[in-house]
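Protein chains in written order, with my numbering: chain V, 1 to 420; chain P, 421 to 708.
Only one structure is covered here, and it is reproduced in the block below.
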Amino acid sequence: MRVTTMSRRWLLAVSACTVLVVVAGCSSSKKTSGTTSTPLAAVGSTSAASGGASTASASTASASTAGSSAAPADTSAIKIAVIDAQSGQSSSLGKWEYDGVKLAVDQANAAGGINGRKVELTVFDDQADPTVSTNLARKAVSGGFIAILGPAESADAIAMSPILQQAKIPYITSGQSPAMPKLGDPYLFLNSPTSTTYDTTLANYAVKTANFTHIAMITNNGAYGKGEHDAFTAALKALNVTPVTDQIVTPDQTDFSAALTSIRQKNPDALFIGAEEVESGLIVKQARGLGIKATIIGAAPTSTPIFVQTAGTANAEGAVSSTPYLTNDTNAQTKAFAAAYDAAYGTEPELHGAKAYDGAEIMLQALKTTNGAGGQALDDAIRAVKYQGLVGNFAFDATGVGVHETQIGIIKNGVLTAAS
Amino acid sequence: MQLFFQTLVGGIGFGAVYALVGMGFTIVYRTMGLVNFAHGQIAMIGAFLSATFFLDTKLPFAVAAIMSMAATAVVGLAIEGILRPLEARDFDLMLIGTLGFGVVLEAVATRIWGATGRAVPAPVDRPLQIFGIIIRTYDLVVIGVGAVATVAVWVLLNRTKAGAAMQAVAMDRDAATSVGIRVGRSNAMAFALGAGLAALAGSLAAPLLYVTPSLGSSLGIKGFCAAILGGFGNINGAVIGGLAFGILDGFAAGHFQQYSDTVTFLVFAVAIMVRPTGILGELTVNRA
């Protein structure tokens, strides 16, 4: 076997390139292998337009051109963009949001639309990547959209803010990072309470009601996780409690044995998780595998079915969640919503679908007030909306936050129930 | 102490996975002279298949893994068959072809199983307690299976006719043909063997991580680095390199939390600069 200089040099070059690519790739937020997923622009567009051909294709990068002209005529469609993660680990968030929004819009269109004009939704996949969502914001501006629903990821919402503010396009997002209201962007609205609200309620429950004394924390360093980390630490501090350990992981991480081993050593009775649904589920699964028996406490992600699924029903038992939307049976409004959602999609809704539905309803109400116009007028109309929603009573303040309280739920047999 | 041992066992567990991926790489390289850039994605397909057999068809974990290995070996055969015309003609094109196949496999996986991915519960999940140190039982299972697989591969290559044929083709393709070895068939077997090992690695890694279409890139890169670290082209080197890389990864994660990946690859880069031929020395294949 001859070892020639050529093949050796070639191999070294390949390995050096590989290492460089990997180190470069690992430092940025990695979303699948860069070669495969070029930002898919329009995943699909729903048009409830009665007369014209329905545009079911999803190929062009620009906005759907279903016969609507640039200047809103009397019967042309009102174009709203839904920008969310439709691929990758956060794709469940994007799907929930889209399903909730679409339900509201379909109901509105069936009832005659906005003073006779249909609302047309176009979906864009931002892959939970702020770079992609920034590009999509520009596409939305140039595509004639007057409003945006989404994104669900706080980092993406923050990235889009300067572009949308300049173009005067209001957007209602499902994220909850307190960094968003701090932006001071008058065009940004939240359909959810912020992490501060979630975590203050949670901390009060953990310390005063459940009497946990050793609380460990594990959060990721993405926008949502960081928001959760800061909010919960502050809430604990206000109660004079210090967490026994504070572990940081990354949003893409899938193996947590190092962090969990450190946590196990501190023998906590409660473990606070500040990460998205799937990651939270993985953390719980691995924690139980390492013999950590602490009660899991968290905000919105721990209330979702996908968290229970990922963690395993047995492992998720007893997890405590702070959420504004406990069950579908809370009142007549939630029951009606759940029935409609089930009829449309074949599954029961949960918090994310509910808040997306609320956000869409508020947008539709505001559009009725402005008669389909956008810009500053739409922005003012949204802020003026007082709406009794599924997740709470909306009254937007100057920073864009509409709901200011949450409740405590506990997972029993895989289902979220109100804490007694 | 507890932390050290737990990290060590976890690191060896992952090391076994990387060793399997690296071995698959190396076997294909040694016998066909081909660096298979789709290897990580083949591991990912194996992971998805075994997750489906385990979770949906409710087969026992071991049976699911074996079936997944068989199915993925067939996928490997298909890939080799499609790329074979290029091998005799232009080797670099075959290389690019595997890169393309990697992309295709990832897209196919997204289409079939969706983008969000699945969590696979470990078949044994009660933690063991040895001398007061808590060890994840499944880590030991992975290490055990990895060891058995390594021995089996060694036996196959060194004690069977088919294995001898593979090594003969690697040494000198024309001489092998002239003594009557069917090179095409031998190459196909080598590719299938590599794919099967990748699938085993993927199936074992599934309960440790999270099965998504992007699992392939991370497993592939780390397996590739493991093979290089141990000495590229050296099968024993792939095993040593895999274990070393896994332990390095485990300890970096323990000490550097969010920067663990950066540290791991930095140390790897320095190690390779210091000793470019890897721990056990490389055995490159001349494809003149």
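Each residue gets a CB set at the ideal place from its N, CA and C atoms; glycine is no exception.
Treat the numbers as computed from the prediction; the structure is a model and nothing was measured.
#1: Just checking my contact of V429/P with D559/P at CB under 8 Å: how many whole Å lie between their CB atoms?
#2: Of all the options T122/V, S154/V, I158/V, which has the alpha carbon lying nearest to the alpha carbon of G143/V?
#3: Quick check on G674/P - is its C-beta less than 7 Å from some C-beta in chain V?
#4: Between T250/V and chain P, is the shortest Cβ-Cβ distance under 7 Å, so that the two count as touching?
#5: Just to make sure I have the definition right: I need the residues of chain V whose C-beta is within less than 8 Å of the C-beta of L423/P. Which are they?
#6: If we ignore side chains and look at the alpha-carbon of each, how far apart do D255/V and L628/P end up?
#7: From this set, A610/P, I655/P, A529/P, T597/P, which residue's C-alpha is nearest V571/P's C-alpha?
#8: DSSP three-state call for G643/P: helix, strand or coil?
#9: Once you ignore the five residues that flank T446/P on each side, which residues in its own chain have a CB closer than 8 Å to its CB?
#10: Exposed or buried, which one is E507/P when buried takes at least 16 other CB atoms within 10 Å?
#11: In angstroms, rounded to a whole number, what distance separates the CA positions of Q461/P and T580/P?
#12: Determine, using beta carbons only, whether S177/V comes closer than 7 Å to chain P.
#13: Within 10 Å of its beta-carbon, does L217/V have 16 or more other beta-carbons around it, so buried, or fewer, so exposed?
#14: When the cut-off is 7 Å and only beta carbons count, does L136/V lie next to chain P?
#15: Can you name the residues that DSSP bridges to G274/V?
#16: What's the C-alpha gap between K31/V and G88/V?
#17: With distances taken Cα to Cα, identify the nearest neighbour of I499/P among A467/P, G520/P, D681/P.
#18: So, does the CB of N221/V fall closer than 7 Å to a CB anywhere in chain P?
#19: Under 8 Å, CB to CB, which of the residues in the segment 291-315 of chain V have a partner in chain P?
#20: Quick check: A340/V and S174/V, are their CB atoms within less than 7 Å of each other?
#21: Tell me where the alpha helix (DSSP H) around S470/P begins and ends.
#22: Using 8 Å as the Cβ pair cut-off and three pairs as the minimum, do the segment 316-332 of chain V and the segment 372-387 of chain V touch?
#23: Using a C-beta cutoff of 7 Å, does A258/V count as contacting chain A?
#24: Please look up how many angstroms separate the CB atoms of A111/V and T134/V, rounded, as I've assumed it's under 8 Å.
#25: In three-state terms, what does DSSP make of I125/V?
#26: Compare the C-beta of L428/P against all C-beta atoms of chain V and say whether one is closer than 7 Å.
#27: Kindly indicate which three-state DSSP category E317/V falls into: helix, strand or coil?
#28: Hey, how far is the Cα of N578/P from the Cα of Y630/P?
#29: Out of L351/V, E405/V, G389/V, state which residue places its alpha-carbon closest to the alpha-carbon of V415/V.
#30: Measure the C-alpha to C-alpha separation of I699/P and T451/P and round it to an integer number of angstroms.
#31: Expressed to the nearest angstrom, what Euclidean distance is found between the alpha-carbon atoms of R531/P and T472/P?
#32: For L416/V, which beta-bridge partners are listed by DSSP?
#33: Report, in whole angstroms, the separation of the C-beta atoms of E228/V and D246/V, which I expect to be a contact under 8 Å.
#34: Starting from L454/P, trace the beta strand (DSSP E) both ways and give me its first and last residue.
#35: Which partner residues of D246/V appear in the DSSP bridge assignment?
Answer, in terms of the structure:
#1: As a first step, residue 429/P is located in the second sequence; it is residue number 9 there, counting from the start. As a first step, residue 559/P is located in the second sequence; it is residue number 139 there, counting from the start. A Cβ-Cβ separation of about 5 Å places V429/P in contact with D559/P under the 8 Å criterion.
#2: On the first sequence, residue 143/V is found 143 positions in, with the first residue counted as 1. If you compare the alpha carbons of T122/V, S154/V, I158/V with that of G143/V, the shortest gap goes to T122/V.
#3: Against the second sequence, residue 674/P aligns to sequence position 254. Put simply, the CB of G674/P is near chain V, with a gap under 7 Å to one of its CB atoms.
#4: Within the first sequence, numbered from 1, the residue matching residue 250/V stands at position 250. Against chain P, the CB of T250/V has a partner CB under 7 Å away; the residue lies at that interface.
#5: Against the second sequence, residue 423/P aligns to sequence position 3. Ordered by position in chain V, the residues that pass the 8 Å Cβ test against L423/P are T261, S262, Q265.
#6: Sequence index remark: in the first sequence, residue 255/V carries index 255 (1-based). Sequence index remark: in the second sequence, residue 628/P carries index 208 (1-based). Rounded to whole angstroms, D255/V to L628/P spans 7 Å at the Cα level.
#7: Within the second sequence, the letter at position 151 stands for residue 571/P. Looking at the Cα atoms, I655/P is the closest of the given residues.
#8: Position 223 of the second sequence, counted from the start, is the residue given in the question as residue 643/P. Helix at G643/P.
#9: Stepping through the second sequence from its first residue, residue 446/P is reached at position 26. Closer than 8 Å at Cβ, skipping near neighbours: A647, F652, G653, N654, I655, G657, A658.
#10: Reading the second sequence from its first residue, position 87 is the one you call residue 507/P. That one is buried.
#11: To locate residue 461/P, count along the second sequence from 1; it is residue 41. To locate residue 580/P, count along the second sequence from 1; it is residue 160. Separation of Q461/P and T580/P (C-alpha to C-alpha, rounded to the nearest whole angstrom) is 29 Å.
#12: Mapped onto the first sequence, residue 177/V falls at position 177. Cβ-Cβ to chain P under 7 Å: no for S177/V.
#13: Position 217 of the first sequence, counting from 1, holds the residue named residue 217/V. The residue asked about is misnamed: residue 217/V is Met in this sequence, not Leu. Label assigned to M217/V: buried.
#14: By one-based count along the first sequence, residue 136/V stands at place 136. It does not: the Cβ of L136/V has no partner Cβ on chain P nearer than 7 Å.
#15: Mapped onto the first sequence, residue 274/V falls at position 274. For G274/V, which the question treats as bridged, DSSP gives the partners T219/V.
#16: Residue numbering aside, residue 31/V sits at position 31 when the first sequence is read from its first letter. Residue numbering aside, residue 88/V sits at position 88 when the first sequence is read from its first letter. With a pLDDT of 39 at K31/V, under the threshold of 50, the modelled position of that residue is not reliable, and the figure given next carries that caveat. Computed Cα separation, rounded: 7 Å.
#17: Here residue 499/P refers to the residue found at position 79 of the second sequence. Across the set A467/P, G520/P, D681/P, the C-alpha of G520/P shows the shortest separation from the C-alpha of I499/P.
#18: Taking the first residue of the first sequence as position 1, residue 221/V is located at position 221. So yes, N221/V belongs to the interface.
#19: For the segment 291-315 of chain V, which is checked against every Cβ of chain P, the residues closer than 8 Å are G291, I306, Q309, T310, A311, G312.
#20: The residue given as residue 340/V occupies position 340 in the first sequence. The residue given as residue 174/V occupies position 174 in the first sequence. One thing to note: A340/V has its Cβ no nearer than 7 Å to the Cβ of S174/V.
#21: Position 50 of the second sequence, counted from the first residue, corresponds to residue 470/P. S470/P -> alpha helix (DSSP H) spans 459-475.
#22: A contact between stretches requires three or more CB pairs, one per stretch, nearer than 8 Å, and the segment 316-332 of chain V fails this requirement with the segment 372-387 of chain V.
#23: The question asks about chain A, but that chain is absent: this structure's protein chains are V and P.
#24: Your numbering for residue 111/V matches position 111 in the first sequence. Your numbering for residue 134/V matches position 134 in the first sequence. With a Cβ gap of about 35 Å, A111/V and T134/V do not count as contacting.
#25: For the purposes of this step, residue 125/V is taken as the residue at position 125 of the first sequence. It should be pointed out that residue 125/V corresponds to Asp in this sequence rather than to Ile. Assignment of D125/V by DSSP, reduced to helix, strand and coil, places it in the strand class.
#26: The residue given as residue 428/P occupies position 8 in the second sequence. Chain V contact via Cβ: absent.
#27: Taking the first residue of the first sequence as 1, we reach residue 317/V at position 317. Under the three-state reduction of DSSP, E317/V is assigned to coil, being neither helix nor strand.
#28: For the purposes of this step, residue 578/P is taken as the residue at position 158 of the second sequence. For the purposes of this step, residue 630/P is taken as the residue at position 210 of the second sequence. In a straight line, the C-alpha of N578/P is about 35 Å away from that of Y630/P.
#29: Start at 1 with the first residue of the first sequence, and residue 415/V comes out as number 415. Of the listed residues, the one whose Cα sits closest to V415/V is L351/V.
#30: Position 279 of the second sequence, counted from the start, is the residue given in the question as residue 699/P. Position 31 of the second sequence, counted from the start, is the residue given in the question as residue 451/P. Spanning the alpha carbons of I699/P and T451/P requires a straight line of approximately 21 Å.
#31: For the purposes of this step, residue 531/P is identified with residue 111 of the second sequence, where counting begins at 1. For the purposes of this step, residue 472/P is identified with residue 52 of the second sequence, where counting begins at 1. Between R531/P and T472/P, the C-alpha separation is close to 14 Å.
#32: Mapped onto the first sequence, residue 416/V falls at position 416. According to DSSP, L416/V bridges with I411/V.
#33: On the first sequence, position 228 is the one that residue 228/V refers to. On the first sequence, position 246 is the one that residue 246/V refers to. About 12 Å separates the two Cβ atoms, so there is no contact after all.
#34: Here residue 454/P refers to the residue found at position 34 of the second sequence. The continuous stretches of beta strand (DSSP E) do not include L454/P, and DSSP gives it neither H nor E.
#35: For the purposes of this step, residue 246/V is identified with residue 246 of the first sequence, where counting begins at 1. According to DSSP, which records beta bridges pairwise, D246/V is partnered with M217/V.
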